Every structure is written in structure tokens, then in C-alpha cells.
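Chains as they are written, first to last, in the working numbering: chain E, 4 to 385; chain F, 434 to 642. For each residue, glycine too, the CB sits at the ideal point set by N, CA and C. Because the structure is a prediction, the values reported are computed rather than measured. Please read the structure below before turning to the comments.
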Amino acid sequence: MSTEPNPEPNPAMAPDGDPEVYYLNMGPQHPSMHGVLRLVLKMRGEEILEAEPVIGYAHRAHEKMAENRNYLMFLPNTSRVDYLSGMIYNIAYCQAIEKIMDIEVPERAEYIRIIACELNRISSHLLWFGTFLLDLGGITPFLYCFDDREEILDILDSVTGSRLTYSYGRFGGVTMDVDSAFVARTRAFLARMRDERLPKYRRLVGDNVIFRERCEGVGVITRDVAFRYGVTGPCLRSTGVAYDVRRAEPYSIYDRFEFKIPTRVEGDTMARFDLRIEEMEESCKIVEQAVDGLPEGPIMPAKPKKRYRPPAGEYYFAVESARGHFGTYIISDGTDVPVKLKLRTPSFSNLSSMPDVLRNTMVADTIAIVGSIDVVMPEIDR
Amino acid sequence: MRYVRRVLGGLISLFVGLSITLRELFKKPVTLQYPHEKPSLSPAYRSAIKLIRFDETNSHDCVACLACQKICPSFCIDIEGGKVEGIKKKRATKFTMDFALCSLCGLCIDVCPTVTLEYSKLYDEAGYNRDWNMDLLEEFTDYEEQFITEQREREEKAAAEKKAKAAAAKAKAGKNEKAGKNEKAGKNEKAGKNEKADKVGGQAEEGEA
Chain E
4 MSTEPNPEPN PAMAPDGDPE VYYLNMGPQH PSMHGVLRLV LKMRGEEILE
54 AEPVIGYAHR AHEKMAENRN YLMFLPNTSR VDYLSGMIYN IAYCQAIEKI
104 MDIEVPERAE YIRIIACELN RISSHLLWFG TFLLDLGGIT PFLYCFDDRE
154 EILDILDSVT GSRLTYSYGR FGGVTMDVDS AFVARTRAFL ARMRDERLPK
204 YRRLVGDNVI FRERCEGVGV ITRDVAFRYG VTGPCLRSTG VAYDVRRAEP
254 YSIYDRFEFK IPTRVEGDTM ARFDLRIEEM EESCKIVEQA VDGLPEGPIM
304 PAKPKKRYRP PAGEYYFAVE SARGHFGTYI ISDGTDVPVK LKLRTPSFSN
354 LSSMPDVLRN TMVADTIAIV GSIDVVMPEI DR
Chain F
434 MRYVRRVLGG LISLFVGLSI TLRELFKKPV TLQYPHEKPS LSPAYRSAIK
484 LIRFDETNSH DCVACLACQK ICPSFCIDIE GGKVEGIKKK RATKFTMDFA
534 LCSLCGLCID VCPTVTLEYS KLYDEAGYNR DWNMDLLEEF TDYEEQFITE
584 QREREEKAAA EKKAKAAAAK AKAGKNEKAG KNEKAGKNEK AGKNEKADKV
634 GGQAEEGEA
């Protein structure tokens with residue numbers, strides 16, 4: 004137990020004698036706040052003077068749990084860190100261990116992983132798209148995009164056996180093989196997504212004047228703020244920085260696929276919206292290339308190890324999750340239990356920039372701004 | 434002029450949106466009225482684990498090596514068992530699982546040395562108390578006595594065969610060395626399976642210490 008007193012309260016949030024200034028707690032159970040985020044707003048009238056995100060309501064001590072079990076036993080936890088892109092996190096953890104221990108992954112497993120991860124990225128963006136518009140008061144698009152998302156969940160369900168928390172990856176491969184029905188279904192989904200759904204979303208939402216008015220120029224994240232807080236993912240790319248881990252430090256077999264890193268320079272909510280729609284298209288491209296190139300072969304190494312004991316040392320491995328740069332930092336002492344397993348989650352850094360972004364905006368825009376950075380609270384608290 | 438254009442643009446986008454939603458209105462709904470219509474389960478669907486009933490023995494093959502109990506990240510498997518009077522094979526006498534804790538990762542299925550675990554297809558189970566322990570041995574208990582008798586017979590038969598083979602091999606060895614070698618290889622393979630199971634259990638125990 005720490006004997007330190009509580010940390011000093013944020014001086015910017017302290018009352019400054021102005022009788023017009025008041026405080027508003029948005030969340031943790033606000034209907035349009037994301038999960039269990041609490042925003043303390045210091046306001047004058049409708050203008051936000053200061054904002055302070057309060058986190059920790061969904062803390063489950065995943066990192067501490069990792070210190071009490073061996074590397075294999077941490078596998079189911081990884082999907083639960085960010086339940087909206089559980090596949091990416093699950094595979095990322097496997098890839099980290101594979102990199103440390105030099106485990107070779109069969110070609111087919113690599114392709115299956117790419118397909119699964121990119122489908123998961125699309126489903127995560129789709130869910131963001133629906134809930135973001137729900138926050139802004141548009142219920143109809145939510146129903147359409149959940150139809151698409153359901154199709155992805157069904158496709159992944161048919162190969163992994165679960166819909167959200169997959170535990171699909173194993174050190175060296177994946178648990179179950181895909182079949183021709185999976186490939187056919189994925190192709191059908193891609194065709195539907197690209198020819199019908201994405202253009203429809205653009206026309207229904209992207210071109211809608213009411214939506215544009217609410218998003219354009221709202222919640223601008225400048226490049227300076229993004230750099231200072233370590234903002235990554237679509238939020239960083241909306242400021243004109245083409246940083247994507249898949250391109251910057253290609254992991255797995257991403258260097259074999261052709262895809263663009265879409266960027267915008269405006270840094271506002273609209274830019275982030277456009278980017279995510281474009282990213283879904285790029286993910287569709289990657290999935291298509293991976294499905295075309297899917298080789299035959301095994302999905303696990305011939306002799307998977309029984310115990311995993313990484314050599315003593317410190318290791319870091321990063322992937323691009325649906326929300327940005329996700330890193331796994333492992334300190335090993337040579338035993339099969341990690342000394343420390345730190346997860347660098349993108350939502351945390353993205354949310355940290357909010358006090359700067361929300362300053363001097365209107366309270367009505369708060370929901371649009373916080374919604375547009377796509378925070379997943381369990382990922383922040385983990 | 435600019436204002437007029439904006440209003441017109443707004444009106445157009447409004448009608449575009451309305452036409453899309455209107456078209457959707459006449460499509461077949463994608464919603465499934467769940468309790469009345471049920472979706473088909475995916476073939477890969479994973480639910481609580483269960484013990485496989487093998488055709489040859491008409492029973493499970495759990496040897497209570499505790500490998501699954503040790504790898505379980507949720508610590509939800511509880512196994513007891515060991516030596517059974519009269520047969521060489523170890524048997525599980527208790528195999529319960531708390532499905533409320535299970536995170537369906539499948540690590541237990543991966544480590545099982547006798548491959549006697551698999552996912553069941555339960556999907557609408559409900560627990561009525563806090564300790565929701567599913568007894569996986571329940572469907573096997575009535576049959577256990579018969580299994581032991583049969584297993585004893587099988588083991589006796591195998592031992593007799595082994596003896597006969599050894600005798601035959603000994604007799605042959607004098608005549609033909611090559612034939613003897615082949616017999617020996619076959620014998621090792623058979624004996625290997627039980628030994629392997631015990632070894633895995635032993636290893637896991639070492640690891641914990």
C-alpha cells in the first residue's frame with residue numbers, strides 16, 4: 004500500500020472566483036458517453052473552459068494478471084482488453100511472443116491472420132460509425148451498419164467459434180483452419196461492402212448537410228497536440244501524418260499487400276470520419292489480396308512447444324489496431340511467467356489529448372468530438 | 434446567393450437520405466425473431482468443454498493428469514482421480530467445471546494428452562446458483578464399473594498378446610533376426626501411449642514446483 008497522499012488536483016480545474024463558472028459531470032453513466040468515461044467539464048455558459056477525463060471505472064488489472072500466469076494463460080485476456088478489435092490484440096500478443104522466441108509461422112496461418120484482423124478492423128470501424136452517428140442523433144445508419152457488422156461476426160464465428168473474444172491465435176499459428184465456404188462468404192461480403200454499402204454510407208451520412216455542419220471544423224486536433232500526447236491511428240492521420248504501423252514497421256506479411264494510408268490535413272471530426280470510411284475500403288483491398296493469395300499448408304508449426312520461456316530481457320512489439328499504435332512490452336527473466344507485461348493502448352493517448360482539444364469548444368460538440376476519436380474505455384483501463 | 438445554394442444543397446441531401454431509407458423500408462427485414470426463429474449454430478461454435486465418448490471403450494479417456502486444470506487461465510476445472518483397483522489405466526473420479534468462470538479459450542483442449550476433451554454445442558445454458566459446477570463425468574458414472582471390467586479384460590488380453598508375441602519373437606529371433614526387429618518396433622508403439630499420458634502429467638507437476 005502506498006503511503007503517498009492523493010495526487011494534487013488539477014489546478015486548471017480549480018474554481019477561480021467567477022460566479023458564472025460551474026462544473027458538469029458528463030458520465031460515467033451518460034447515455035451518449037462511451038462506456039464508462041467520465042468527463043468533468045468546467046464551464047461558463049455553454050463554453051467549456053477546462054475538461055478532465057476521469058478513467059478507471061472498467062479496470063480489470065489485465066497487466067497484473069499477466070504477472071501471475073504463464074504466457075499461454077494470458078491469451079484469453081488479450082481479446083478482452085479491447086473487445087471491439089479483439090482479434091487484432093489477440094494476434095498481436097501471439098506475434099510478440101513469436102518475435103521474441105523466433106517461432107516460425109506457417110504461410111497459410113499468416114494469411115488467415117491478416118484476413119481475420121482486417122475483417123475485425125472493418126467491424127470495429129463499422130461499430131464506431133454506428134455509435135458515433137447514434138451520439139449525434141442519427142439512428143438509421145446504426146441499424147444498417149450493424150447489419151454489415153453482423154455479417155463479419157458471422158464470418159469470423161464460422162472459423163473461430165466465437166463472436167467477440169476470439170482467442171483464435173496460438174503461438175505459431177491459429178487454432179482452426181478456414182474452408183472454401185469461408186472464402187466464398189468473405190468475397191461476397193467484400194463485394195457487397197464495396198459496391199453497395201460504403202457508397203450508401205457516403206450518400207446517406209457523408210454528404211448530409213446537417214452532419215457536415217456538425218462535424219466540419221469541430222474538435223480540431225493539431226499536429227502539435229497529436230505529437231505531444233502520442234495520438235496515433237486515424238486521429239493522427241487526420242492531421243496529415245501518414246503514420247501507420249503496418250507501413251512504418253511492417254509486421255507479419257503486411258509488406259506484401261498493396262494498400263494506401265489515407266490522410267487528411269484538417270484534423271477535425273469530419274476528417275476522422277472520412278478517414279475511417281476510407282480505411283474500411285483499404286482493409287477490403289487487403290482482405291481481397293489475402294484471400295486471392297491464400298496458400299495451402301499447415302496452420303500450426305509441426306511441433307508446437309509445450310512451455311514458452313523467452314530469454315531474459317525486454318521486448319517491444321507494435322501493431323496497428325483499429326484505434327492506433329498498440330504495443331506489447333514484455334520484461335522476461337527467463338521463466339515462463341512475465342515479470343511485467345505492459346500494454347500500450349492507443350485510446351489512452353488519444354483520450355489524453357482531449358483537455359487540449361475540448362478547451363473553448365461548446366458543450367454540444369463534446370459528444371461529437373469525444374465520439375470521433377473512437378475511445379474504448381476497457382482498453383484504456385484494461 | 435450563397436445562402437440559397439446552401440439551403441438547396443441541404444434539401445437535396447435530405448431527399449437523398451430519405452430516398453435511401455425509403456428504399457430500405459420495402460426490403461426484406463434482416464432481423465430474426467429470436468426465440469421463435471433460431472439461427473443455425475456455426476460448425477466451429479465453442480461452448481463449455483465436454484468429455485468425448487470413444488467408440489472402442491464406450492467411455493472417456495481422462496487419466497486425471499491435471500494438465501487442463503493447470504493450464505486453465507480461469508481456474509475453473511476441478512479434477513480428482515488416480516489409480517483404480519484392478520486396471521493399469523488411471524481414471525478421473527471427479528471432473529467438474531465452473532462454466533460461469535470459463536473464458537472458452539480452448540487451452541485445455543490443446544494440452545489434453547489423450548485428446549478426450551472437445552467443445553460442446555450448448556448455447557442456452559443457465560446457472561441457478563453461484564457455484565455453477567457442471568459435472569462432466571455424469572453421463573459416464575453409471576457405466577464406469579462396466580468400463581473397469583472391460584478395461585481389465587482388454588488389458589489382460591493385451592498383456593497375453595504381448596507375451597505371446599514376445600515368445601514368438603524369441604522363437605523367431607533364433608531363425609530370423611530381421612523379423613524380430615519389426616515385432617519389437619510394433620510393441621514399443623503400443624506401450625508408448627499410456628506412458629506418454631503419465632509423462633505429461635508429471636511434467637506439469639514439476640513446472641509448478
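Asked: Between the CA atoms of residue 91/E and residue 313/E - distance to the nearest angstrom; Found: 22 angstroms
Asked: Cβ-Cβ distance between residue 165/E and residue 124/E below 8 angstroms; Found: no
Asked: Extent of the continuous alpha helix (DSSP H) run through residue 127/E; Found: 110 to 139
Asked: Sequence-distant residues of its chain with Cβ nearer than 7 angstroms to residue 516/F (five each side left out); Found: 523
Asked: Chain F contacts made by the stretch 160 to 178 of chain E, where a contact means CB separation under 8 angstroms; Found: 160, 161, 162, 163, 164, 165, 168, 170, 173 and 178
Asked: Assumed close pair residue 144/E, residue 208/E - CB separation to whole angstroms, cut-off 8 angstroms; Found: 5 angstroms
Asked: For residue 328/E, the first and last residue of its enclosing alpha helix (DSSP H); Found: Element bounds for residue 328/E: not the alpha helix (DSSP H) but the beta strand (DSSP E), 327 to 335.
Asked: Within 8 angstroms, strictly: CB atoms of residue 285/E and residue 263/E; Found: yes
Asked: Proximity of residue 54/E and residue 42/E at Cβ, strictly below 8 angstroms; Found: yes
Asked: Interface flag, residue 582/F vs chain E, CB-CB below 8 angstroms; Found: no
Asked: Coil, strand or helix - residue 526/F by DSSP; Found: strand
Asked: Alpha helix (DSSP H) segments (min. 4 residues) lying fully within the stretch 180 to 238 of chain E; Found: 183 to 195, 201 to 204, 212 to 218 and 226 to 232
Asked: Coil, strand or helix - residue 554/F by DSSP; Found: coil
Asked: Three-state secondary structure (DSSP) of residue 100/E; Found: helix
Asked: Residue burial classification, residue 375/E (beta-carbon count within 10 angstroms, cutoff 16); Found: buried
Asked: Whole-angstrom distance between residue 108/E and residue 311/E, CA atom to CA atom; Found: 15 angstroms
Asked: Chain F within 8 angstroms of residue 212/E, Cβ atoms only; Found: yes
Asked: Cβ contact (3+ pairs, closer than 8 angstroms) linking the stretch 93 to 111 of chain E and the stretch 158 to 172 of chain E; Found: yes
Asked: Three-pair Cβ contact test at 8 angstroms for the stretch 233 to 246 of chain E versus the stretch 320 to 328 of chain E; Found: yes
Asked: Alpha-carbon to alpha-carbon, residue 133/E and residue 120/E; Found: 20 angstroms
Asked: According to DSSP, residues forming a beta bridge with residue 56/E; Found: 42/E
Asked: Cross-chain neighbours of residue 143/E in chain F, by beta carbon under 9 angstroms; Found: 450, 453, 454 and 457
Asked: Neighbour-count burial assignment, residue 555/F, 16 or more Cβ in a 10 Å radius; Found: exposed
Asked: Residues of the stretch 198 to 229 of chain E whose Cβ lies closer than 7 angstroms to any Cβ of chain F, in chain order; Found: 203, 206, 207, 210, 211 and 212
Asked: Same chain only: Cβ atoms within 7 angstroms of residue 294/E, ignoring 5 sequence neighbours per side; Found: 118, 186, 189 and 190
Asked: Beta carbon proximity, residue 22/E to chain F, threshold 8 angstroms; Found: no
Asked: Buried or exposed by the 16-neighbour rule on C-beta atoms within 10 Å, applied to residue 626/F; Found: Any reading at residue 626/F is ruled out, since the residue's pLDDT is 45, under 50, leaving its predicted position unreliable.
Asked: C-alpha gap between residue 598/F and residue 292/E, whole angstroms; Found: 58 angstroms
Asked: Partners in chain F for residue 36/E, counting only beta-carbon separations shorter than 8 angstroms; Found: Those do not exist, as residue 36/E stays about 26 angstroms from chain F at its closest Cβ, beyond 8 angstroms.
Asked: Secondary structure of residue 319/E, DSSP reduced to three states; Found: strand
Asked: Any chain E beta carbon closer than 8 angstroms to residue 613/F; Found: The predicted position of residue 613/F is uncertain, since its pLDDT is 49 and thus under 50; a value taken from the coordinates is nonetheless stated next. With 8 angstroms as the cut-off, residue 613/F does not count as an interface residue toward chain E.
Asked: Pair within 8 angstroms by beta-carbon distance, residue 254/E and residue 98/E; Found: yes
Asked: 8 angstroms Cβ cutoff, residue 78/E in contact with chain F; Found: yes
Asked: Residues, ordered as in the chain, of the stretch 482 to 513 of chain F that lie near chain E by beta-carbon distance below 7 angstroms; Found: 504 and 506
Asked: Reduced DSSP category for residue 306/E - H, G, I as helix; E, B as strand; rest coil; Found: coil
Asked: Sequence-distant residues of its chain with Cβ nearer than 8 angstroms to residue 204/E (five each side left out); Found: 132, 144, 147, 148 and 280
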